[in-house]
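Peer 1: Every letter in the sequence shown is one number past the one before it in the working numbering, and letter 55, counting from 1, is 106.
Backbone N, C-alpha and C define an ideal beta-carbon position, used for all residues, glycine too.
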Amino acid sequence: PPPQRLEIEITESVLLERGVENLAFMERLKSIGIEFALDDFGTGYSSLSYLTAFPFDKIKIDKSFIRNLTHHPRSSAIIASIVTLARGLDMSVTAEGVETSEEFERLTALGVNFAQGYLFGRPQPVEQIAFDESGRASQRDAA
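1. Expressed to the nearest angstrom, what Euclidean distance is found between the alpha-carbon atoms of M77 and S143?
2. I112 bridges to which residues according to DSSP?
3. Considering only residues of the same chain and omitting the five flanking positions on each side of R191, which have a CB-CB separation below 6 Å?
4. Determine, using beta-carbon pairs with one atom in the segment 118-137 and one in the segment 63-77, whether at least three such pairs fall under 8 Å.
5. What I want to know is whether the C-beta of S127 ends up closer than 7 Å to one or more non-hydrogen atoms of the ligand ATP.
6. Would you grab the beta carbon distance between Q167 and E147 for me? Rounded to a whole angstrom, and I think it's under 8 Å.
7. Return yes when the Cβ of I59 is within less than 8 Å of the Cβ of L89, no when it is not.
8. Are the beta-carbon atoms belonging to G93 and F116 less than 8 Å from one another?
9. Assign E57 to one of two classes, buried (16 or more other C-beta atoms within 10 Å of its C-beta) or exposed (fewer than that).
10. Tell me the rounded alpha-carbon separation between A194 and A131.
11. Name the two residues that bound the continuous beta strand (DSSP E) containing I180.
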């Protein structure tokens with residue numbers, strides 16, 4: 052598969068370990084089309100500085116914000132702010148841990164681009180995943 056199909060998720064703690072080395076490595080991979088997502092956004096200490104220092108394409112909102120979305124107005128405000136920030140930096144936003152259609156509808160209204168979670172499917176053993184001719188994964192029939 053072409054490198055453009057690969058997205059590497061990186062947490063802030065990984066960036067803290069060897070910042071300069073990680074940046075150089077990320078820039079080399081980015082030059083061949085690999086994309087990067089800052090994972091668990093909002094749970095670390097320096098997220099905003101990482102957004103300008105490293106070549107991220109996507110922000111992944113931690114599930115702790117999603118879990119409180121329908122019960123706490125502040126979670127909605129934080130997610131809306133993250134979406135606005137990401138748009139300003141030409142990044143997309145993925146919400147992790149989406150479990151209900153109510154959460155998904157609210158996230159869509161807030162402008163989130165992508166969603167992951169049990170609402171869409173549970174993790175699968177590789178043996179249960181089929182790949183079509185283009186290399187895209189799809190769930191095999193259980194029958």
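Peer 2: The structure says:
1. 18 Å
2. F92, A146
3. At R191 the pLDDT is 47, less than 50, meaning the model places this residue with poor confidence; the figure from the coordinates comes in the next sentence. Taken in chain order, the residues that qualify are Q179, A181.
4. no
5. Absence of the ligand ATP is noted for the structure shown, with no ligands found whatsoever.
6. 5 Å
7. no
8. yes
9. Rather than Glu, the amino acid found at residue 57 in this sequence is Leu. Exposed, because fewer than 16 other Cβ atoms sit within 10 Å of the Cβ of L57.
10. Its pLDDT being 40, under 50, A194 is placed unreliably by the model, and the measurement read from it follows with that caveat. Roughly 42 Å separates the two Cα atoms.
11. 180-182
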